[in-house]
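Below is one structure, written out as structure tokens, with a few remarks after it.
In the numbering used here, the protein residues as written are 7 to 501.
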């Protein structure tokens, strides 16, 4: 027991309509990285929320360094030396960077007022120590997803915890930042700190893990040292079946031109962006973090303004000044930040799925719920959405099922052009495969697909052409026969 930092013993947890955890037992050793693998919905995040005090278990016990503990809240967990970085970024957009580091634990002066000088001093010292250049007074809404993710990691590290839970911490950060994170994890291990690490990225898992536990349907399937596992074995154990073809690319005859974007620009963000997509075609956008891919797509969809350029759909020039214009022209977008822009977390699965097509379910001021439920049911069966009930809050679903609900929301509009910005971010191998099949089926239905992804194998496996961006401009257009990771990276790093 002396080398066990945390013992999870016979933990069981149920929610209405689903048993999330069934008699889970795991030992987390000191100064180690213990990776948890499993499909979304397998129970990984539920278990971590129990360890962090967000949920209380129905049965079972927790031990920290041999002593049984009853963790009542996240604040109590922090007092016991446990910190957690959540997969979904929960933050207050109007809050400043320095405020986010002390929320819930505000330092006070002798006069019992907030000690802003001490907050600023601590924040500056922390950034200096970590060699980061964020402004303490910057509002979180001005930062990118990767910036906020890095701040969450830094916040957890700053608590001097003995056990740090990292739930998909690299899902929204660049390769350079991933290397920085791995260096930090190595430093933490040397200080005797234990890391519980949840990831679906096999390259990451085998680079950082000491031990791996596979969880499926709320049960521990197997725990072994990293070197005793293979990638194929982990994937098979995760999904309960063998997945032979990661990218089910279909041979589809490319049709007429659907979308043509010419000299599309926005000052200081992107310049002279020109590309096209045809019926049945999947085009990809590759590039490093900050290359401008998401900014282009947001402007194209009408979320942000553009300063120059033309957009034509089916050969006709169109003006897209807002999202309504885009939807009216049969063009929709799945954003990279699902929680912030894709779903309304506290609303039901049905409400989220029906949101973009509400007009079609109202007649003379009355909502036809039966028609709405039938339409959503057809889409959910097509997309294999798993939910306890239609009234379940969407935030209770796994990341993969949330993403499929977002697909349903847009498919109800019967779009002809789909912009997919990081559509598989933070979802597991099995759910990714289902998303890939869906993308292929949409292309077969003569839809035009624009796929933005930070995963080069994903782009190369699915796309007919790939545009590469660097510093707000397109540096290359590659045909499928010319795809290679080395070539894409060379164009992505052009200055």
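Beta carbons: idealized from backbone N, C-alpha and C, even for Gly.
Query, Result
"Which first and last residues belong to the alpha helix (DSSP H) in which residue 464 is found?", "462-468"
"DSSP three-state label for residue 168, please.", "coil"
"My understanding is that residue 91 touches residue 159, with C-beta atoms under 8 Å, so please give their C-beta distance in whole angstroms.", "6 Å"
"Figure out for me which residue from 86, 205, 495 and 184 has the closest Cα to the Cα of residue 168.", "86"
"By DSSP, does residue 502 sit in helix, in strand, or in coil?", "Given a span of 7 to 501 for the chain in the structure shown, any question on residue 502 remains unanswerable."
"Alpha carbon to alpha carbon, how far is residue 235 from residue 188? Give it in angstroms, no decimals.", "21 Å"
"Could you tell me whether the Cβ atoms of residue 215 and residue 39 are closer together than 9 Å?", "yes"
"Residue 501 to residue 297, Cα distance in whole Å?", "At residue 501, the pLDDT of 47 sits below 50, so the modelled position is not reliable and the matter cannot be decided from this model."
"Where does the unbroken beta strand (DSSP E) through residue 33 begin, and where does it stop?", "24-35"
"Can you tell me the Cα-Cα spacing of residue 80 and residue 59, whole angstroms?", "5 Å"
"What residue range does the alpha helix (DSSP H) around residue 206 cover?", "Per DSSP, residue 206 belongs to no alpha helix (DSSP H) and is neither H nor E."
"Residue 263 lies in the alpha helix (DSSP H); which residues open and close that run?", "Unbroken run through residue 263 is the beta strand (DSSP E), 263-272; no alpha helix (DSSP H)."
"Return the CA-CA distance between residue 142 and residue 117, expressed in angstroms with no decimal places.", "24 Å"
"Name, in chain order, the residues that DSSP records as bridge partners for residue 395.", "DSSP, once it has assigned bridges, lists no residue as partnering residue 395."
"Give, in chain order, every unbroken run of the alpha helix (DSSP H) that is at least 4 residues long and sits entirely within the stretch 419-458.", "435-450"
"Distance check for residue 287 and residue 259, CA to CA, integer angstroms please.", "8 Å"
"Please tell me whether residue 282 and residue 269 are closer than 9 Å, where the distance is taken between their beta carbons.", "no"
"In the DSSP assignment, find the beta strand (DSSP E) that holds residue 304 and state where it starts and stops.", "Note, residue 304: premise wrong, no beta strand (DSSP E); alpha helix (DSSP H) at 299-307."
"With DSSP as the reference, identify every bridge partner of residue 153, one or two as the case may be.", "Partner(s): none; residue 153 has no beta bridge."
"In whole angstroms, what is the alpha-carbon distance linking residue 51 and residue 24?", "15 Å"
"Contact check, residue 410 vs residue 389 under 8 Å by CB: the rounded distance?", "5 Å"
"Where residue 229 and residue 107 are concerned, what is the direct C-alpha to C-alpha distance, given to the nearest angstrom?", "35 Å"
"List the DSSP bridge partners of residue 482.", "474"
"Can you tell which of 71, 67, 48 and 78 has its C-alpha closest to the C-alpha of residue 37?", "71"
"Give the DSSP-derived three-state secondary structure of residue 275 in the structure shown.", "coil"
"Going by other Cβ atoms of all chains shown within 10 Å of its Cβ, with 16 needed for buried, is residue 8 buried or exposed?", "exposed"
"Taking all protein chains shown into account, do 16 or more other C-beta atoms lie within 10 angstroms of the C-beta of residue 238, making it buried, or fewer, making it exposed?", "exposed"
"By the three-class DSSP mapping on this structure, what secondary structure does residue 343 have?", "coil"
"Less than 9 Å separating the beta-carbons of residue 18 and residue 12?", "no"
"Roughly how many whole angstroms lie between the Cα atoms of residue 131 and residue 113?", "16 Å"
"One question on the structure: do residue 146 and residue 99 come within less than 9 Å of each other, judged by their Cβ atoms?", "yes"
"Pull up the distance between the alpha-carbon of residue 448 and that of residue 41, whole angstroms please.", "35 Å"
"Could you have a look at residue 40 and say whether DSSP puts it in helix, strand or coil?", "strand"
"Cβ of residue 475 within 9 Å of Cβ of residue 299?", "yes"
"Give a yes or no on whether the C-beta atoms belonging to residue 363 and residue 415 are separated by under 9 Å.", "yes"
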